[in-house]
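Notes follow the structure.
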Amino acid sequence: MGNAGRDQGKGGKYLILPPDYKGQEPEGYLVSRSATYGNWFIMRGFLVKGDPKPAVASFKQHMRLYPLAQAANPPATTFINASGKAFNTIHAMDFSLSFHALADIGSHADQAHAALAAIQAGHLHGKLVLTVA
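Under this note's numbering, residues 4 to 136 are what the sequence shown spells out, in order.
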């Protein structure tokens with residue numbers, strides 16, 4: 004996304020399809036096929052004179068995430084502010100968990116995350132649309 008992305012900084016509709024999607028790709032989307040049902044989407048905003056508020060406002064104004072089935076009438080995107088919230092993002096550093104144990108935990112978390120997202124979005128069956136204007 005952005006100047007170096009497929010939309011060349013003009014915005015667009017990105018469609019993420021699941022690995023087993025057999026239907027025809029709808030026109031008007033920048034389509035990606037995922038190898039898994041769980042995906043991470045990370046965006047980065049830039050400070051304006053040290054202030055993050057313009058980046059946050061831009062995301063809220065221009066970014067939408069919704070199931071393809073709701074593309075004709077997309078619901079509002081809910082943004083959650085995690086600033087100031089304490090949570091651990093560092094994996095074990097004492098070798099108490101092997102690489103394989105961490106990978107196993109991650110694979111189960113990926114499955115649970117995908118199932119939760121499907122439930123929250125009304126059974127989206129892995130087809131998501133992200134619009135960036």
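Beta carbons: idealized from backbone N, C-alpha and C, even for Gly.
Would you tell me roughly how many angstroms separate the C-alpha atoms of residue i and residue j, rounded to the nearest one?
i, j, result
"Phe90", "Pro77", "31 angstroms"
"Leu20", "Pro29", "11 angstroms"
"Leu50", "Ser86", "15 angstroms"
"Leu68", "Thr80", "6 angstroms"
"Ala74", "Gly15", "13 angstroms"
"Ala60", "Arg47", "13 angstroms"
"Pro55", "Phe62", "11 angstroms"
"Gln27", "Lys88", "42 angstroms"
Go ahead and pull the three-state DSSP assignment for residue i.
i, result
"Leu50", "coil"
"Ser61", "helix"
"Thr134", "For Thr134, the pLDDT reaches just 47, beneath the cut-off of 50, and the residue's location in the model is therefore unreliable, leaving the point undetermined."
"Lys56", "helix"
Select from the options the residue whose C-alpha is nearest the C-alpha of residue i.
i, options, result
"Arg9", "Ile45, Pro21, Gly26, Tyr32", "Tyr32"
"Met66", "Val34, Gly26, Phe82, Pro22", "Phe82"
For residue i, which residues of its own chain have a beta-carbon under 6 angstroms away from its beta-carbon, when the five flanking residues on both sides are left out?
i, result
"Ala72", "none"
"Tyr24", "none"
Please list, in chain order, all residues of the same chain as residue i whose beta carbon is under 8 angstroms from its beta carbon, the five residues on each side excluded.
i, result
"Gly12", "Gly5, Asn6"
"Lys52", "none"
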